[in-house]
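So the structure is just underneath, and the comments pick up after that.
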């Protein structure tokens, strides 16, 4: 991949199974995590602008309305993110979407016609002027290339610092698009990629979007089970994967993915795998050293036959076993191809041996049964070494029909595709993203978002927080998750500012590079990222002087942590709440510190402009402020539907088109949302509901507690009791059971609500973006001995 130094300033078969659209500042609040997420936690943020009531809220202070009906900065360059029609979302007639969830009429490209149910739901979104988004996400980048081609668009920090201008970014993306078009990718078809926060992940994203295809990101930490699920359900023919990342060899794990799919009865339609070279300096193979056509030719060599690369300085010597393109490999260049079952896999030991082979000598690895057979063409020093043959023989069998291609080499050979790219430009209501929820609350669901819903989400947050093109966006959250993808990458495109990506999280790297060197101003990330930054600064690292706003998402941020982070980082910490399905619904903002001093602390923010929220009882009746109930919202950023699951899509909405979040919440008198728990997280102790979030927040304040989560454990008499899992602040001095009881008594908490079991653990289980996996804690609690009234601390 090309690019400037880091600075601050072949055709394939037709598509099979494409995507079907289916069915000094003060801290301002505390975020809570939603139960749904794209491979992780939900996306959240929320706050009110200074004008007061939210449209449709029915009460002063219930949300945010723009004083002039337009987003800040909509009229001047660099003024921020403007709504493209000058009006806030949801201020009028319904947005007219051209695609709907789970229509039965599916075109070849995967788009669907509208259903009456979806039209009805869309018609219920918003109240006021029409929502119109005239641009696709890729069009945002086109405008920036035209306006300021040499401005920095992307910075990668870490072990391989580099940057790209807007012109370079689109140039790389154009090459990705050209390769995908050569492979037969059609509009509406999902392209899966399992990439870390490398610059390649950004160019792939743009390359997919600008030809009307759908991004289907897979978290890099996902194993064979999760990866097989996404590949099968997305029906992706093209997968882009790293050669290796953080000690894992993703490309070599693909046979395990295929076996997992077969064992679960899942059908994989993968035909092409583009392998992105590893960036970590561990001596691993760089796939870029291998010609693009090599995997295809090697794959066509039957297992058990000889495979040889004859090397001469000028003219390769023909060989009966030698594919022509392999013969053209320059002398001395690394060369890797293991022959296993007819398909090659990268090998870390192979390049060193081959690279040391004198030019003009033959090299052959013969695959017979599982042990290579010596070959007269094989240099004696290699033939006598046990390391190479054993390593070659041990490679797994690649799935039949999967063509392995090198990403860098494929892009290097790509043709100019500007004209065909322009001809494939997507419409605002085309599906742009397929993101699977984390599955922490049940079966992972494929959430479909359009260019419009994602574009509106970024515009709404940017306007709400008054972000401008001067606010560089830092992205430590995975780009394969909605937090990093939507409120990191796409937000930076909306603002026209640089995105700063970090592949491997390290607080000191963030402070030294993202903030000190590159001047990041805004970050949206899960609570653990915030805590790590605070602890690093408290340990002596320099504070992030450039940081202006940290929107904390993914899990609840206790009031104490928000106050501590505000003091230590000298930035505004904003609470937020949202879901993968709806994007952010509520968000705090720095303005709340002026408009409602103190009232935003410990809340999940107020509705963004154009979003309506309500709390209802079990029968669906709306409850007054101050009463706990089921949290529902109505937003123009609501997803299109769950892929292939019209039943789940229908269940997710009320008859009048409001989305059921599955959360319990209260709206206070100032209009701030307080998430009190997931419906599935409720602890029913003998008919009495335990206020889980309230007790967790109390325990978090205890000086011996670093982290805490409370879940239900089965009880034969009461049905359920509360079990507290605590991570100690100091492992040498853990919280004792009696001390916990005394502390809650001092806080005047009803004894009925006290946890009746205390488990001390090293860390809480979290998904890749920081959301606590309470389902795992419930499983652990269910295996424990039923508690007595005075259970001692256990570990």
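Residue numbers (the numbering used here): -14 to 780.
Even for Gly, the Cβ is constructed at its ideal location relative to N, Cα and C.
Check whether residue i and residue j have beta carbons under 9 Å apart
{"i": "residue 228", "j": "residue 260", "result": "yes"}
{"i": "residue 222", "j": "residue 254", "result": "yes"}
{"i": "residue 575", "j": "residue 534", "result": "yes"}
{"i": "residue 707", "j": "residue 677", "result": "yes"}
{"i": "residue 164", "j": "residue 192", "result": "yes"}
{"i": "residue 249", "j": "residue 213", "result": "yes"}
{"i": "residue 176", "j": "residue 217", "result": "no"}
{"i": "residue 487", "j": "residue 157", "result": "no"}
{"i": "residue 649", "j": "residue 430", "result": "no"}
{"i": "residue 224", "j": "residue 195", "result": "no"}
{"i": "residue 262", "j": "residue 393", "result": "yes"}
{"i": "residue 652", "j": "residue 600", "result": "yes"}
{"i": "residue 559", "j": "residue 590", "result": "yes"}
{"i": "residue 215", "j": "residue 421", "result": "yes"}
{"i": "residue 208", "j": "residue 494", "result": "no"}
{"i": "residue 690", "j": "residue 712", "result": "yes"}
{"i": "residue 489", "j": "residue 503", "result": "no"}
{"i": "residue 687", "j": "residue 728", "result": "yes"}
{"i": "residue 419", "j": "residue 121", "result": "no"}
Per-residue DSSP class, three states only, for residue i
{"i": "residue 608", "result": "coil"}
{"i": "residue 282", "result": "With a pLDDT of 33 at residue 282, under the threshold of 50, the modelled position of this residue cannot be trusted; read the value that follows with caution. It is helical."}
{"i": "residue 206", "result": "coil"}
{"i": "residue 666", "result": "helix"}
{"i": "residue 436", "result": "helix"}
{"i": "residue 406", "result": "helix"}
{"i": "residue 733", "result": "coil"}
{"i": "residue 383", "result": "coil"}
{"i": "residue 687", "result": "coil"}
{"i": "residue 631", "result": "helix"}
{"i": "residue 512", "result": "helix"}
{"i": "residue 661", "result": "strand"}
{"i": "residue 706", "result": "strand"}
{"i": "residue 562", "result": "strand"}
{"i": "residue 788", "result": "The question about residue 788 has no answer here: the residues shown for the chain are numbered -14 through 780."}
{"i": "residue 553", "result": "helix"}
{"i": "residue 133", "result": "coil"}
{"i": "residue 619", "result": "strand"}
{"i": "residue 328", "result": "Because residue 328 sits at a pLDDT of 35, beneath the cut-off of 50, its placement in the model cannot be relied upon, and the following sentence gives the value as read from the coordinates. Three-state result, residue 328: strand."}
{"i": "residue 674", "result": "strand"}
{"i": "residue 567", "result": "coil"}
Supposed close pair residue i, residue j - CB separation, criterion 8 Å
{"i": "residue 561", "j": "residue 538", "result": "5 Å"}
{"i": "residue 542", "j": "residue 512", "result": "5 Å"}
{"i": "residue 744", "j": "residue 722", "result": "Between residue 722 and residue 744 the Cβ distance is about 10 Å, and since that is not below 8 Å, they are no contact."}
{"i": "residue 509", "j": "residue 571", "result": "Going by Cβ atoms, the distance from residue 509 to residue 571 rounds to 14 Å, so no, they are not a contact pair."}
{"i": "residue 432", "j": "residue 566", "result": "6 Å"}
{"i": "residue 452", "j": "residue 480", "result": "6 Å"}
{"i": "residue 643", "j": "residue 618", "result": "7 Å"}
{"i": "residue 594", "j": "residue 445", "result": "7 Å"}
Spatial distance of residue i from residue j (CA atoms)
{"i": "residue 148", "j": "residue 683", "result": "44 Å"}
{"i": "residue 748", "j": "residue 692", "result": "8 Å"}
{"i": "residue 166", "j": "residue 550", "result": "47 Å"}
{"i": "residue 622", "j": "residue 720", "result": "44 Å"}
{"i": "residue 398", "j": "residue 159", "result": "12 Å"}
{"i": "residue 382", "j": "residue 182", "result": "29 Å"}
{"i": "residue 769", "j": "residue 604", "result": "35 Å"}
{"i": "residue 189", "j": "residue 482", "result": "19 Å"}
{"i": "residue 696", "j": "residue 498", "result": "39 Å"}
{"i": "residue 555", "j": "residue 635", "result": "45 Å"}
{"i": "residue 161", "j": "residue 400", "result": "10 Å"}
{"i": "residue 184", "j": "residue 759", "result": "33 Å"}
{"i": "residue 763", "j": "residue 698", "result": "7 Å"}
{"i": "residue 735", "j": "residue 670", "result": "13 Å"}
{"i": "residue 136", "j": "residue 128", "result": "12 Å"}
{"i": "residue 725", "j": "residue 545", "result": "18 Å"}
{"i": "residue 130", "j": "residue 407", "result": "14 Å"}
Residue i CB to nearest heavy atom of the ligand GDP below 8 Å
{"i": "residue 477", "result": "This structure does not include the ligand GDP; it has no bound ligands of any sort."}
Problem - Three CB pairs or more closer than 8 Å across the segment 514 to 522 and the segment 172 to 181 - result: no
Practice task
Assess, as a yes-or-no matter, whether the segment 609 to 621 is touched by the segment 654 to 665 under the definition of 3 or more beta carbon pairs within less than 8 Å.
Solution key: yes
Exercise for the section: Pair every Cβ in the segment 402 to 418 with every Cβ in the segment 432 to 440, then say whether three or more of these pairs are closer than 8 Å. Expected result: yes
Exercise for the section: Count the C-beta pairs between the segment 745 to 762 and the segment 462 to 473 that are closer than 8 Å, then say yes if the count reaches three, no if not. Expected result: yes
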